[in-house]
Structures are given as C-alpha cells and as structure tokens.
Amino acid sequence: MNRSLNFSLEGKVALVTGAAYGIGFAIAEAFAEAGAKICFNCRGEQHMKDALQAYKEKGIDAHGYFCDVTDEQQVADMIARIEQEVGVIDILVNNAGIIRRIPMTEMSLDEWKQVIDIDLTAPFIMAKAVIPGMIRKGHGKIINICSMMSELGRETVSAYAAAKGGLKMLTRNICSEYGGANIQCNGIGPGYIATPQTAPLRERQPDGSRHPFDQFIISKTPAGRWGTPADLMGPAVFLASDASDFVNGHILYVDGGILAYIGKQP
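Under the working numbering, the residues of the sequence shown are numbered 4 to 269, in order.
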C-alpha cells in the first residue's frame, strides 16, 4: 500500500469557519488541493463576494454560507443545508475568532463576552452540530484553531487567553467523549503568523530598524521569522486525513519553536 494515500482528502466534505481570508482560507485551499469539497461561512455580504472570487481565482469551487457561528439556530440551518447540498461533513475546522487587546481592568463585560462567545462558545456550537452526522457516517475530524495563548499569558489578552485555554480543554473533552465513535478532535496552535492584520507590526521604522514588536517576536522564535499561512497547510491536512486516525486530543503548536524556547541571554 502507498502510505502517502493516507493523506488524501478525496471526496471529503470540509467546513472551515471564518475562511474568507487568512489562516482559514489557507487551510481550505490546502484541503481542496488534497481533494476535499470546501464549505465556509461569512457574516457579511462583501466578505462573501470577495471570498468566493478568491476561491475562484485559486480554481476552487467553494460553497459559501451566511452564518453567525454564535447563533445555534443559524448553525443548525447551515449544517442542514450543507448536508443537503454538498454532503455530510467529514471535517470541521473551528477557525473563526477575534481578539480584543484591552487591559483587563478596562475591558467591559460585553467585550469579554464577545470574545468568549466567538472563540469558545462558537466551537462548542459547531462541534455539537456536526458530531451527530459524523457518528452516523462512522468517522469525523474536528480541528480547533487554538493559540499559544492556550498555554501562555500576555498583557491585554485576558479574554482571548481564557477562551483559547478553554478551547484546548474542549478539544481534549471532545476526544474523550467521542473518540470511541471514531471521531478525532485535535487543535492547531499557530505562532505569530504574517497576515495582512499583523502587517503594521512588521513594518520597517523610518530609520530602517524593525518594529519593536517584530524585534520581540523574532528574538523569541528559534526559527528566526514569523510564520506564514502556508506553514499551517501541511499540519491541517495531516490532522484532517486518515494519517492522523490515532492522534486525538492533541494540540499541535506550529510556532517556530517559541513554546520550547526561554530566549537568549541579554
């Protein structure tokens, strides 16, 4: 047997939340290259239009759905439509997320709840909605996009760190509860990824030096660089494929070694 076939996603139905751009888009693109049928959600009409065009330019026939992943009824309706129009979901990637960089004592309860709802409650709602179909099908893969903040704290990200720490434990609990149904639930913990959203933090200063935050990240990363969305494509395909059938409840940190490194001596 050609063991590389274990990495094929041929004919699988994959739903990647928040995959209009960035990390989610890169993961969806990787799944499509491996043979999967791609579904994604958006909340805004322009985002949907732009995303469908971006997928088309990549040669991907993606299926877009309007859905707020924090709304249980909207999620249920989306899953039902996908099952009817594309097929029962084999792979779910809980990628949609936000961050609010606000000191904890200045953060309002509404701001806290918004981060928790999108980054933690929504993956619960999504997983709850797809697991019954996966049980009927006899297999399933759930990938939660966690974070290094699943392990570390940092100034101004109390809600985000709490949510991602909770998502790590939700990942392990889904594994514990549904592993016997041949459902593997794992997480990916990206390091600092070079995306349009982080571009201002990587701009050269007027004197040609690195941005202070850019200097900080490079100094803390053994790889000596920021990650790219493409760095997450291989790990995502692995966790979505048959190659990872005995990998469950694991968080795969794709961080260039940050979590393993104490940093250079001053």
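We put the beta carbon where it would ideally sit given N, CA and C, even for glycine.
Gln187 burial status per 10 Å Cβ neighbour count (16 or more: buried): buried
Put Met4 into one of helix, strand or coil per three-state DSSP. At Met4, the pLDDT of 44 sits below 50, so the modelled position is not reliable and the matter cannot be decided from this model.
Any idea what DSSP makes of Leu12, helix, strand or coil? It is coil, neither helix nor strand.
DSSP beta-bridge partners of Tyr256: Gly192
With a threshold of 7 Å on Cβ separation, who are the neighbours of Thr124 within its own chain once the five nearest residues in sequence on each side are excluded? Thr73
Beta-carbon proximity of Ala33 to Ala22, cut-off 7 Å: no
Could you name the residues of the same chain whose beta carbon sits closer than 7 Å to that of Gly67, not counting the 5 residues immediately before and after it, in chain order? Phe43, Cys45, Met51, Ala54 and Leu55
For His50, which three-state DSSP category applies? helix
Report yes if the CB atom of Val257 is closer than 7 Å to the CB atom of Pro238, and no otherwise. yes
Taking all protein chains shown into account, decide if Met4 is buried (16 or more other Cβ within 10 angstroms of its Cβ) or exposed. Its pLDDT being 44, under 50, Met4 is placed unreliably by the model, and the measurement read from it follows with that caveat. That one is exposed.
Three-state secondary structure (DSSP) of Lys267: coil
Which residues in the same chain have their Cβ closer than 7 Å to the Cβ of Val160, if we skip the five residues on either side of it in sequence? Ile102, Arg104 and Met152
Are the beta-carbon atoms of Tyr195 and Trp229 separated by less than 7 Å? yes
Residue range of the beta strand (DSSP E) that Asn271 falls in? Because the chain in this structure spans residues 4 to 269, residue 271 falls outside the shown range and cannot be described.
How far does the beta strand (DSSP E) with Lys144 in it extend, from its first residue to its last? Gly143 to Ile148
Selected residue, minimal CA-CA separation from Leu242, among Phe216, Gly190 and Ile128: Nearest of Phe216, Gly190 and Ile128 to Leu242, Cα basis: Gly190.
Could you name the residues of the same chain whose beta carbon sits closer than 6 Å to that of Pro106, not counting the 5 residues immediately before and after it, in chain order? Thr159
Whole angstroms are fine: how far does the CA of Lys267 sit from the CA of Gly62? 44 Å
Would you say the beta carbon of Asp234 is closer than 6 Å to some non-hydrogen atom of the ligand FMN? What this structure holds is no ligand at all, so the ligand FMN is not there to describe.
Work out the CA separation of Gly252 and Cys178 for me, nearest whole Å. 5 Å
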